[in-house]
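Residue numbers (the working numbering): 3 to 175.
Cβ coordinates follow ideal geometry from the N, Cα and C atoms, glycine included.
Just so you know, these numbers come straight off a predicted model, no measurement behind them.
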Amino acid sequence: MAKMPRSSFYYKEIKRTYHEVKEAILSLYKKNRKRDSYRPMTFKLRQMGFNLNHKTVLKLMNELGIHSILRKKRHGKRGKTLHIAPNVLNRDFTATALNQKWVTDVTEFQVGQEKLYFSPLMDLANREIIAYNFATHPKFSLVKKMLEQGLSRLKPTECPIIHSDQGVLYGSV
3 MAKMPRSSFY YKEIKRTYHE VKEAILSLYK KNRKRDSYRP MTFKLRQMGF NLNHKTVLKL
63 MNELGIHSIL RKKRHGKRGK TLHIAPNVLN RDFTATALNQ KWVTDVTEFQ VGQEKLYFSP
123 LMDLANREII AYNFATHPKF SLVKKMLEQG LSRLKPTECP IIHSDQGVLY GSV
C-alpha cells in the first residue's frame, strides 16, 4: 500500500457546467432586449431561484458571448444653430427713459393638472409689465402676440432694445 488517504485517491475535480443557468441567462437576455448587464441579470436569476455570485454570472455571460448593449447618451437636439445675438445689455438692467430697454422670458406654471406658459415683456425703466400673454403650450405664437402687444404701444421714433435668454421661442422671431 502507498499509505495515501482513500479520499485523495478517489478525488476528482468536478467542473460545474451550469446548463440550466445558461439557458435562463439566454432567455432573460432575449426577453430584456439585450439591455441587462451582469448585475441586473444576477438579481433576476436570484429571483428565479438560482443562488449565484455576480462574478459567476459575468463569467457565464462571457462564455456565452453576450453583453449588454449600451445606448448612447443623447445630448439635446442637434440641428441648425440659431443666430446668437450679441449681449448688448451686458448685465446692465437699468434704463434712464421709458421704452429704452425691454426684457422678456417664458415661464411655466403648474395650475392644477395643467401647465400654463406666461410670457411677459417688462420695461426696465420702471419695471412695469407692458405686455404679456398666456398659453397652454410653449409655441412661437405665445411670444409673437406678446411682442405685437408691446410694439403697438411704441411711438414711431422709439426703438427699444429687447433682451431675452435667446431660447428656442425667441430664435424664430
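Taking a contact to mean a Cβ-Cβ separation below 7 Å, would you say residue i touches residue j in this structure?
i	j	result
VAL108	LEU149	no
LEU118	PHE142	no
VAL23	PHE45	no
LEU123	GLY152	yes
SER166	LEU144	no
Note down, in chain order, each residue of its chain lying with its Cβ closer than 7 Å to the Cβ of residue i, except the 5 sequence neighbours on either side.
i	result
SER70	LYS36, ARG37, ASP38, SER39
ARG41	HIS56
TYR20	LEU62
Under a three-way DSSP split, which group does residue i fall into?
i	result
LEU123	strand
THR109	strand
PHE52	coil
LEU118	strand
Where does the unbroken alpha helix (DSSP H) through residue i begin, and where does it stop?
i	result
TYR31	21-33
HIS56	56-66
GLU150	142-154
At what residues does the beta strand (DSSP E) containing residue i begin and finish?
i	result
PHE45	Not the beta strand (DSSP E): PHE45 falls in the alpha helix (DSSP H), residues 40-49.
GLU15	No beta strand (DSSP E) contains GLU15, which DSSP labels as neither H nor E.
ALA87	ALA87 -> no beta strand (DSSP E), and no H or E assigned at all.
ALA133	130-137
HIS165	163-165
Ignore the nearest five residues each way along the sequence and tell me which others in residue i's own chain have a CB closer than 8 Å to its CB.
i	result
LEU28	LEU66, ILE68
ASN128	LEU100
LEU126	PHE95, THR96, ALA97, GLN102, LYS103, TRP104, VAL105
THR138	GLU116, LYS117, LEU118, TYR119
LEU47	VAL23, ALA26, ILE27, LEU30, LEU54, VAL59
GLU160	ASN101
ALA87	GLN168
Would the C-beta of residue i count as close to the ligand MG, meaning under 6 Å from any of its heavy atoms?
i	result
GLY152	Although the ligand MG was asked about, the structure shown includes no ligands whatsoever.
Going by beta carbon distance, what residues of the same chain come within less than 6 Å of residue i, once the five residues before and after it are set aside?
i	result
ALA133	LEU123, MET148, GLN151, GLY152
Stretch pair the segment 51-65 + the segment 93-107: three plus CB contacts closer than 8 Å: Too few Cβ pairs lie closer than 8 Å, so no.
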